[in-house]
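Visitor:
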Amino acid sequence: MTQGERRTPARRTVLGAAGAAAVLGASTALPTGTAHAAEVRGEGRGHGHGYRSLPVPTVIAHRGASGYRPEHTLGSYRHALDLGAHVIEQDLVPTRDGHLVCRHENDITGTTDVADHPEFASRRTTKSVDGTTFTGWFTEDFTLAELKTLRAKERIPGTRQENTLYDGRWTIPTFEEVLRWAEEEGRRRGRDVWLHVETKHPTYFRSLGLGLEERLAKLLRRYGRHRADSPVFLQSFEPSSIQRLAKLVDSPGVVLLSAASSRPWDFVQAGDPRTVADLVTPAGLRWIASYARGIGPTLDLVIPKDATGRLGTPTTLVRDAHAEGLVLHPYTHRNENSFLPADFRRGTDPTAYGDSFGALKRYLETGIDGIFSDNPDTALLAAADFTAAARG
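For the sequence shown, the positions run 22 to 413 when this note's numbering is used.
As structure tokens, then:
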């Protein structure tokens with residue numbers, strides 16, 4: 022270890038049987054078709070068709086099982102399924118030749134070994150993306166063939182040092198590869214593999230002639246995920262991207278919502294003065310419900326933190342969104358102290374696990390329909406606890 026105190030086995034084994042798979046790096050699935058698997062996954066509370074049939078609370082693996090594997094790799098996605106996640110998230114950015122690939126950002130400096138490739142040294146550049154300046158390497162400056170020569174690595178190695186064991190193991194997947202993978206996994210596991218797909222910086226990429234929505238819709242139609250009951254959510258921080266997608270496919274859309282004082286970038290570009298605070302009012306939610314089926318708010322919009330970083334009183338967002346027929350999938354739960362509210366941190370090591378179950382209990386008690394988690398096994402156990410308590 023080069024940072025923080027030595028971790029005891031309890032740091033990972035505390036998560037129980039599902040967490041043990043993460044400790045051992047196992048690729049075996051949890052025992053499907055058994056009462057144990059149903060309990061861990063929180064199954065049995067979904068109703069209706071399409072996304073309404075998913076278990077509630079729904080556990081969405083944030084960039085895959087990114088608490089245990091480098092994010093947005095087939096290894097991270099597969100491990101999330103093995104842990105029992107209900108839905109797997111992808112973020113989409115384009116290559117120079119128009120392919121959609123899975124990266125959290127178009128800046129791939131921190132998530133690949135591109136800096137170790139001298140043949141790409143001249144590609145390092147500075148860009149302004151959605152009003153923020155970045156220096157590094159960007160997907161839109163590479164062809165898919167060039168990107169495929171790179172290997173994925175852990176984005177926050179100082180926090181997740183164990184994950185660096187898997188650095189270099191996987192390439193950057195295209196979204197079409199993920200769709201084929203999901204089909205194969207679905208056949209193997211005997212159930213649909215649900216995806217939660219985000220268009221990243223859509224206004225920025227459209228300005229470069231690399232519009233995301235048409236490319237995404239084409240792939241969804243090709244693989245039969247374009248219908249209202251298809252096992253996929255489409256999400257974006259830019260409402261206009263979801264509106265555009267709603268005209269191309271019937272897949273359910275989710276509007277992501279950042280800090281209350283922020284403005285979606287498409288609003289900034291269009292001169293729309295509304296902020297996220299306007300969008301989470303009853304009127305704003307009614308507007309979102311006219312073209313989307315859900316919202317993905319930051320957890321702080323569900324339960325704000327006080328000046329000390331402790332959880333305060335829940336807002337009315339859950340009630341107000343449900344009144345408009347919207348589902349809520351807030352983001353992001355993580356186990357490490359540095360990501361938890363101050364009242365659920367334990368010890369002095371920011372990279373150690375805190376009282377993740379305690380924090381999840383508070384969030385789930387608000388009535389949210391699901392949650393994005395880097396540690397889906399933890400979220401699944403918390404969801405099972407919540408469901409059992411609700412049943413009395």
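The beta carbon of each residue, even a glycine, is placed where N, CA and C say it ideally should be.
Given that a residue counts as buried once 16 or more other Cβ atoms are within 10 Å of its Cβ, and exposed if not, what is Lys268?
Guide: exposed
Visitor: Is the beta carbon of Val275 closer than 8 Å to that of Ile316?
Guide: yes
Visitor: Could you check where the alpha helix (DSSP H) with Val199 kicks off and where it finishes?
Guide: Phe196 to Arg210
Visitor: Using the C-alpha atoms, what's the distance from Glu126 back to His217?
Guide: 16 Å
Visitor: Below 6 Å CB to CB, which residues in the same chain sit around Tyr98 once its five sequence neighbours on both sides are set aside?
Guide: Gly85 and Ile109
Visitor: Would you mind reading off the limits of the alpha helix (DSSP H) that contains Ala342?
Guide: Leu338 to Ala344
Visitor: On a Cα-Cα basis, can you pick out the residue from Thr130, Asp137 and Arg284 that is closest to Thr146?
Guide: Thr130
Visitor: Buried or exposed, going by whether 16 or more other CB atoms sit within 10 Å of the CB of Pro252?
Guide: Using a 10 angstroms sphere on the CB of Pro252, the tally of other CB atoms reaches 16 or more, which defines it as buried.
Visitor: Express the C-alpha separation of Asp162 and Leu332 in angstroms, rounding to a whole number.
Guide: 42 Å
Visitor: From the DSSP output, read off the bridge partner residues of Val348.
Guide: Gly315
Visitor: Got a sec? Which residues, its chain only, sit under 6 Å from Pro318 by beta carbon, not counting five neighbours each side?
Guide: Only Leu278 and Pro351 meet the Cβ criterion.
Visitor: If you follow the alpha helix (DSSP H) that Val297 is part of, which residue opens it and which one closes it?
Guide: Val297 to Leu300
Visitor: Under 8 Å between the Cβ atoms of Asp134 and Leu168?
Guide: no
Visitor: Taking only runs that begin and end inside the segment 213-265, name each unbroken beta strand (DSSP E) of 3 or more residues, in chain order.
Guide: 215-220 and 253-257
Visitor: Based on Cα-Cα distance, which residue from Asp398, Ala203, Val114 and Ser394 lies nearest to Leu320?
Guide: Ser394
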